[in-house]
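In this text, residue positions in the sequence shown follow the numbering used here: the first is 181, and each later residue adds one.
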Amino acid sequence: MKTSKPDFSHLSADQPIGIFDSGVGGLTIAKEIKRLLPHENLIYFGDTKHLPYGEKSREAIVGYATRITDFLLEKNCKAIVIACNSATANALKEVLDLVNNRVPVIDVINPVAEKVSYEIHNNVGVIATKATVNSGLYRKTIRKHNKFIKVDELATPLLVPAIEEGFKNHPVTHAIVYNYLSNKKLKNIETLILGCTHYPLLLNEIKQFYGNRVRVIDSPSIVANQVKVILEKHHLLHQENSNPTYQFYLSDITKNFEKISRKFFGNAIDLELKVL
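Laid out in structure tokens, this is it:
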């Protein structure tokens, strides 16, 4: 039986894009959406009270993700971006069921896995949280499109807490990155997927480790482009907004989030506490 195509004709281009993550990691996606789609209004929810999602049970992650999705729908968002790999890996189905085709939903795993599977990659490594690795979603999705690619996934649980604590370009993160990337699971990889939206904040350290030996995938760029493609397809791109608004909601306001969000979006932003 054919499923009918979703109809988004009730939505308008001037509605905001909703983006959520457990903390600062999703800002790497939001920043790229802002760069690629400079006329769009954005609403960001960082669930800093419950981070890291990667250490939580699937049931807990589903609860957080669906409550945030409800909130973004209430805020009249025209699309929802799950800017969190752990939430995508564990709660994508529940988010899609809740949204029920009212707005487009873009996740961070499927666009990246699909792009990798159609390019020339033989041995792919994925570093991610425990929740994402335990789901096996990267491996399953890549191999669904291309069964000849070898995919090795490694849980790297210390990276998110280190990033959230502000340890960037710091001996702590250098040591953690070196320890993880030296793991024998990643020994023969040619391509590395950063399977957590926090990890691009350590891109320089990761590239320093590999030099030019391994290609590191630019996930935020791929996801932002997918957002653009979907909004274009449904005639929802905001074309003429000279003064876009950026709203940030946090379940717990942290100094590190404040620092990174101001760096990415400028000093004029406000962070609003919102516990769901």
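Backbone N, C-alpha and C define an ideal beta-carbon position, used for all residues, glycine too. Here the structure is a predicted model, which means the values were calculated and not measured.
* Should Gly316 and Asn436 be called a contact, given that it needs their Cβ atoms to be closer than 7 Å? -> On the sequence shown, position 136 is the one that residue 316 refers to. On the sequence shown, position 256 is the one that residue 436 refers to. Cβ distance not < 7 Å, so Gly316 and Asn436 don't count as in contact.
* **Any beta strand (DSSP E) of 3 or more consecutive residues that is wholly inside the region 335 to 377** => 371 to 375
* Could you give the distance in angstroms between the alpha-carbon of Ile286 and the alpha-carbon of Val261? -> Taking the first residue of the sequence shown as 1, we reach residue 286 at position 106. Taking the first residue of the sequence shown as 1, we reach residue 261 at position 81. Going from the Cα of Ile286 to the Cα of Val261 covers about 5 Å.
* **Start-to-end residues for the alpha helix (DSSP H) that takes in Asp250** => Here residue 250 is taken as the residue at index 70 of the sequence shown, counted from 1. Segment 238 to 254, the alpha helix (DSSP H) holding Asp250.
* Based on the DSSP secondary-structure assignment, which residues constitute the bridge partners of Ile307? -> Residue 307 sits at position 127 when you count from the first residue of the sequence shown. Partner(s): Leu334, Leu374.
* To do: Would you tell me roughly how many angstroms separate the C-alpha atoms of Val409 and Leu217, rounded to the nearest one?
  => Numbered from its first residue, the sequence shown carries residue 409 at position 229. Numbered from its first residue, the sequence shown carries residue 217 at position 37. Approximately 11 Å between the Cα atoms of the pair.
* **Selection from Ser422, Glu212, Thr434 that minimises the alpha carbon distance to Asp465** => Shown here, the chain extends from 181 to 456; a query on residue 465 therefore has no answer.
* Asked: For the beta strand (DSSP E) that contains Glu452, what are its first and last residues?
  -> Against the sequence shown, residue 452 aligns to sequence position 272. Per DSSP, Glu452 is one residue of the beta strand (DSSP E) stretching across 451 to 453.
* To do: Answer with buried or exposed for Gln406, where buried requires no fewer than 16 other C-beta atoms within 10 angstroms of its C-beta.
  => Locating residue 406 in the sequence shown gives position 226, counting from the first residue. The residue in question, Gln406, is buried, as its Cβ has 16 or more Cβ neighbours within 10 Å.
* Asked: What does Leu226 pair with, by DSSP beta-bridge criteria?
  -> As a working note, residue 226 is residue 46 in the sequence shown. Just to set this straight, residue 226 is Gly in the shown sequence, not Leu. Asp201, Leu430, per the DSSP bridge assignment.
* Taking all protein chains shown into account, do 16 or more other C-beta atoms lie within 10 angstroms of the C-beta of Pro232, making it buried, or fewer, making it exposed? -> Against the sequence shown, residue 232 aligns to sequence position 52. With 16 or more other Cβ atoms within 10 Å, it is buried.
* To do: May I ask you to report which of helix, strand or coil DSSP gives Val285?
  => Here residue 285 corresponds to residue number 105 of the sequence shown, with the count starting at 1. Of the three classes helix, strand and coil, the one that applies to Val285 here is strand, per DSSP.
* Presumed contact (8 Å Cβ cut-off) between Cys376 and Ala308, rounded CB distance -> For the purposes of this step, residue 376 is identified with residue 196 of the sequence shown, where counting begins at 1. For the purposes of this step, residue 308 is identified with residue 128 of the sequence shown, where counting begins at 1. The Cβ separation is near 5 Å, so the contact holds.
* Identify which residue in Tyr379, Ile402, Gly234, Glu235 has its Cα closest to the Cα of Val357. => Position 177 of the sequence shown, counting from 1, holds the residue named residue 357. For Val357, the nearest C-alpha among the options comes from Tyr379.
* Taking the alpha helix (DSSP H) that Val296 falls in, what are its first and last residues? -> Looking up residue 296 in the sequence shown gives position 116. That run of the alpha helix (DSSP H) goes 290 to 297.
* N-terminal and C-terminal residue of the alpha helix (DSSP H) that Ala464 is part of -> Any property of residue 464 remains undetermined from this structure, which presents the chain solely from 181 to 456.
* What are the boundary residues of the beta strand (DSSP E) that includes Val261? -> Working through the sequence shown from its first residue, we reach residue 261 at position 81. Here the beta strand (DSSP E) through Val261 covers 259 to 262.
* To do: Check the DSSP bridge columns for Val396 and list the partner residues they point to.
  => Here the question's residue 396 lines up with position 216 in the sequence shown. Bridge partners of Val396: Leu372.
* Closest by CA to Leu207, which one among Glu344, Ala259, Ile289? -> What you label residue 207 is simply residue 27 of the sequence shown in a count that begins at 1. The residue from Glu344, Ala259, Ile289 with its alpha-carbon nearest to that of Leu207 is Glu344.
* To do: Figure out for me which residue from Val306, Val340, Pro400 has the closest Cα to the Cα of Lys365.
  => As a working note, residue 365 is residue 185 in the sequence shown. Ranking Val306, Val340, Pro400 by Cα distance to Lys365 puts Val306 first.
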